[in-house]
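Trainee:
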């Protein structure tokens, strides 16, 4: 009888995981508990997440293997034999996406651009989460003077138009770090710290009021234990969603910086926003390939990341996710045979 | 619950959305379909003297008060609103009398002008010598950070630190006579009188110690300012009190654009009649093929060059500098980067000015001489490849700078004699660092204040050059002093040629290219070709539109 | 920890907190502009004048005084609402804000209309037909719109509707002739044209508005689609919706009367915040379409290290955003008592 309440053996395959009743699943470790809804989800939301993951992974692979995939280097202007590329040449066999005004291959610049984008986004995610998350947690949980001071400071930063903030930080940093990936990443990360802070803090405050946290406090649990067990876990579940959506936004900010001319210079790395800026004057001359492909790259990668975030939200957000009704398994009566009750039809 | 309710709900939404969407679409089509009449392609026949010309540009205005400006955007409008004692006539390169009846040197340090009789400002008040003296006085006294009072060194208070009015420098014995007492013999004074520092303003309207608001400026030039929307538009109407011939049009609208590609589209759509100077090479390539536009070129006086700071190891060696001058491939830059909208520059004085010689071409030939460069380096005992750090800036000289310096790096490295590291930073940091010994080699450009070779050679080759490149040549300084003191044009030309030859030998600076002045107009616009000259002023009064 | 659960307490606290927030903003702007390398004079005249002359002009203008002195003077000026005159082009900063701010206001207002029509409409549809083709299509549309940088969309729009089809103008607020002849009263050209009953000018102004406001509005609308959809889904699970259905209320009425209104409250919050961000971040739209708005001017002054202009514009924008976010926070607290201190 007590068997159902004990921790079941750890399942060693997804099938075994599915076989467990939901009640049993809840006894498993935190991580598995978090991702359990993924198995519950069916159809559309699942497909969305996987499509998004597919696109994002494709870009990440493109970034990692850029040197192998791309036909030329991102600043290469002549063949190995020394023959110069033709400037602004339309797409052809040697240049699938054509060449741009600097006589470099558009396809190679798009591929290397993904490397730049992924590098900048990863670095900035790391920095802004590393600062914003802990601050938000501590501030939200403890409240009081610390919370108020931080809130005022962060709100002041939020009041500054974010793109312009990023531009000024890029100015400041370019003196020491030059016009490369590090400057752009740091500029972008500083802009997002207040956003992480605010979201995490608000979430923590909402959870702080929940009865189970109050109960834990009443039982004498230490603040760190409460934060770790209840608050952190709940918040962490939201982090992938926020992170992917912020990553999407970071790529748009990077492209905007590049478009306005404050981002990464073409001699340092390939960057999509800068290429579009150069393409604007090409468009008037009917040269469409220099701007179209970098732009599509941005759209695809940002869409991929957003699909992951959106899809995860659909799947993980307890308020809107669809939960299938599992057949209820009652413990067998003493001496009688176990007989599962028929379940209801799916709840819409 | 897939019931009838669900179907109803679907229908409800679909109908509502469709209704709203349809309403919006119809509204949009209605508004878009009725195109306003843009100016049609021009026809033949005489210019319509009451037509309005629309000039599109990406320049911007700093100030319309002469005391507060030192930039092309402000000069372009001010040159239409104000008059000078002397001006450079269309197609010419020596000063001619405008507001003045005549001007002459009575001795090398005294220059006297008499005004034409009956001159008036656009508000009807008479223009006298008092106004002229007042204009110079306030320029020096206001000493605006954006102003050009430093051009008036010749009448500045001697020994003063910066701009200071010297009451003894200008005499006005009567209403029509002005006498300038120069601190030292200065052959460039007539040229300076044609510049933006010498516009004439009314003394009863403009304040003496601060700038006049831009929308209330009054002058005695061809046009008056009727409307000013900063950053967007300037509207000019012919000045009824102008002393000369009325303009060939009935007024001008100057439209300001952020990007040259927007200006180009506006030209193609007929919203703008004339575009001048501010196009990228790609824009120009595209416009050459369009039948409703004409592309006109004229001599230019904008130059670009590469400076060596001689306090650094690479810049210190004459052989290195000469080798770079011999290796850099100007033709490649001009052709590949700029689509031939600029020309190779063979001297620090542009080819349109009298006194120019192709000093670098004479010294080193007109195509890269790698063997010669190699020999020069070997003879000096310098091991190759020579490491060079070259700085440029992406935010002041246009987007093509990136391509230009990539091209320079290519031509230098493909000779095998140099390894080049390119570095860049945005303009403000760049210009401060470049002239304070932080960069060993750097890009710069120059627009003249007035079209005289002195404005080039003095700026670049004198030991007091703002470049701070540590180049000092006593002979050059002597020649500069001579040409400034001499009023014999032939002698000055000889001096300039001598200076350019020395410059090609010493190579403190490598000239790269000179601009070709470029204008694009719609069909039916006349008079623009005649105003494309070294004075760098688009003279609106010469532009006509046949409708 | 002490918690005041009265709304009035919250309002007072938040309003008081707004003041140090503004002070921090002012100080951060001041420091950033002074610390950033460069100054307005060498930005304008470097490369034309010798370093000594530049240094002298800087000294005359007071840019090399100690930071503390300049800071105190700056605070005094702000307190008296004296925002000064720009260094770059001698315009009173208040004039810059009035003229260019009005242009941005016009653009963002019409963009918000487009965003609401497109966003709310498609979001409602997507939420109502969850997990069907309409839902997927609507959500994808929203995501792709948001993912496309506004300058890329603008560039495609200019190419298609401007160059190839030649239906619409691609830059500026008006055509040059209309700009020269239209009288300005409020600086908001649509209103000015209506005041003067100048119908041809109004048509010209509207034609120039279409592309920029639709492009910007669609990008913002992309965000709204997802927000409205999620909020609608959350609301439709609510008990009162269930109760209404149980009472036999027809489905459209259920959604429109009960769910819709409640779903929109958080959306109003987000719209308010987006509006504030729009004001500052319409830079890209203004750059792409040559729209003479405050964002483009801010970038220009920033490029030229024009301290006075940048400070003035940022401070006024900051004040507007602070007021708007204060109003939103109060609204939020009124609805959700847990958020109060």
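Chains as they are written, first to last, in this note's numbering: chain A, 109 to 456; chain B, 1204 to 1750; chain C, 230 to 570. Ideal Cβ placement from N, Cα and C applies to all residues, glycine included. Since we're looking at a predicted model, the values are computed, not measured.
Tell me which same chain residues have a C-beta within less than 8 Å of the C-beta of residue 1327 of chain B, skipping the five on either side of it?
Mentor: 1444
Trainee: Following the continuous alpha helix (DSSP H) through residue 1339 of chain B, name the residue where it begins and the one where it ends.
Mentor: 1332 to 1345
Trainee: Closer than 9 Å, Cβ to Cβ, to anything on chain B: give me those residues from the segment 383 to 394 of chain A, in chain order.
Mentor: Against chain B - using a Cβ distance shorter than 9 Å - the residues of the segment 383 to 394 of chain A are 385, 386, 388, 389, 390, 391, 392, 393 and 394.
Trainee: How would you label residue 203 of chain A, buried or exposed, when you count the other beta carbons within 10 angstroms and need 16 or more for buried?
Mentor: buried
Trainee: Quick one: which chain C residues come within Cβ less than 8 Å of residue 1435 of chain B?
Mentor: Under the 8 Å cutoff, chain C gives 401, 402, 408 and 521.
Trainee: Under 8 Å, do residue 1544 of chain B and residue 1719 of chain B count as touching if we go by C-beta distance?
Mentor: yes
Trainee: Could you check what DSSP says for residue 1452 of chain B in three-state terms: helix, strand or coil?
Mentor: Residue 1452 of chain B falls in the coil class under three-state DSSP.
Trainee: Given a cut-off of 8 Å on the beta-carbon distance, is the pair residue 1504 of chain B and residue 1723 of chain B in contact?
Mentor: no
Trainee: Which word fits residue 1467 of chain B, buried or exposed, when buried means at least 16 other C-beta atoms lie within 10 angstroms of its C-beta?
Mentor: By the neighbour-count rule (16 or more Cβ atoms within 10 Å), residue 1467 of chain B is buried.
Trainee: Report the residues of the segment 1462 to 1495 of chain B with a CB closer than 7 Å to any CB of chain A, ordered along the chain.
Mentor: 1462, 1463, 1464, 1467, 1468, 1483, 1485, 1486, 1488 and 1489
Trainee: Nearest-angstrom Cα distance between residue 275 of chain A and residue 547 of chain C?
Mentor: 17 Å
Trainee: Checking the sheet assignment: what are the DSSP bridge partners for residue 304 of chain A?
Mentor: Note: residue 304 of chain A sits in no beta bridge, so no partner.
Trainee: Would you decide whether residue 1624 of chain B is buried or exposed? Buried here means 16 or more other CB atoms lie within 10 Å of its CB.
Mentor: Counting C-beta atoms within 10 angstroms of its own C-beta, residue 1624 of chain B has fewer than 16 neighbours from the protein chains shown and is therefore classed as exposed.
Trainee: Residues in its own chain within less than 7 Å of residue 439 of chain C by CB, not counting five upstream and five downstream?
Mentor: 397
Trainee: Look up residue 342 of chain C in the DSSP assignment and say whether it is helix, strand or coil.
Mentor: helix
Trainee: I need the straight-line Cα distance from residue 274 of chain C to residue 328 of chain C, nearest angstrom please.
Mentor: 27 Å
Trainee: Taking 8 Å as the CB-CB cut-off, is residue 1266 of chain B touching chain C?
Mentor: yes
Trainee: Taking all protein chains shown into account, decide if residue 468 of chain C is buried (16 or more other Cβ within 10 angstroms of its Cβ) or exposed.
Mentor: exposed
Trainee: Taking a cut of 7 Å between CB atoms, which residues from the segment 194 to 205 of chain A lie near chain B?
Mentor: 195
Trainee: In the structure shown, what three-state DSSP assignment does residue 1508 of chain B receive?
Mentor: strand
Trainee: Counting only C-beta atoms, is residue 1539 of chain B closer than 8 Å to chain A at any point?
Mentor: yes
Trainee: By Cβ distance below 7 Å, which residues in the same chain neighbour residue 575 of chain C in space, the five residues on each side in sequence not counted?
Mentor: Shown here, chain C extends from 230 to 570; a query on residue 575 of chain C therefore has no answer.
Trainee: State yes or no: is the beta carbon of residue 271 of chain C nearer than 8 Å to at least one beta carbon in chain B?
Mentor: yes
Trainee: Whole-angstrom Cβ separation of residue 1673 of chain B and residue 1471 of chain B, contact assumed at under 8 Å?
Mentor: About 49 Å separates the two Cβ atoms, so there is no contact after all.
Trainee: Which residues in chain A have a C-beta closer than 8 Å to the C-beta of residue 322 of chain C? List them in chain order.
Mentor: Within chain A, no residue has its CB atom less than 8 Å from the CB of residue 322 of chain C, the nearest being about 16 Å off.
Trainee: Just checking: is the beta-carbon of residue 510 of chain C within a distance shorter than 8 Å of some beta-carbon in chain B?
Mentor: Bear in mind that a pLDDT of 49 at residue 510 of chain C, under 50, signals an unreliable position, so the model cannot answer this.
Trainee: If the cut-off is 9 Å on Cβ atoms, which residues from the segment 522 to 543 of chain C count as contacting chain B, listed in chain order?
Mentor: 525, 526, 529, 532, 533 and 534
Trainee: Determine, using beta carbons only, whether residue 192 of chain A comes closer than 8 Å to chain C.
Mentor: no
Trainee: Let me check understanding here. Comparing Cα to Cα, which of A/415, A/399 and A/235 lies closest to residue 382 of chain C?
Mentor: A/399
Trainee: In whole angstroms, give me the CA-to-CA distance for residue 236 of chain C and residue 559 of chain C.
Mentor: 8 Å
Trainee: At least one CB of chain C closer than 8 Å to the CB of residue 1430 of chain B: is that the case?
Mentor: yes
Trainee: If we define contact as Cβ-Cβ less than 8 Å, is residue 167 of chain A a contact residue for chain C?
Mentor: With 8 Å as the cut-off, residue 167 of chain A does not count as an interface residue toward chain C.
Trainee: Rounded to whole angstroms, how far is the Cβ of residue 1272 of chain B from the Cβ of residue 1281 of chain B, which I believe are closer than 8 Å?
Mentor: 7 Å
Trainee: Using the DSSP secondary-structure output, state which residues sit across from residue 1546 of chain B in a beta bridge.
Mentor: B/1717
Trainee: How would you write the range of the alpha helix (DSSP H) that residue 1591 of chain B sits in, first residue to last?
Mentor: Unbroken run through residue 1591 of chain B is the beta strand (DSSP E), 1589 to 1595; no alpha helix (DSSP H).
Trainee: Would you kindly report the start and end of the unbroken alpha helix (DSSP H) that includes residue 1614 of chain B?
Mentor: 1603 to 1617 is the extent of the alpha helix (DSSP H) around residue 1614 of chain B.
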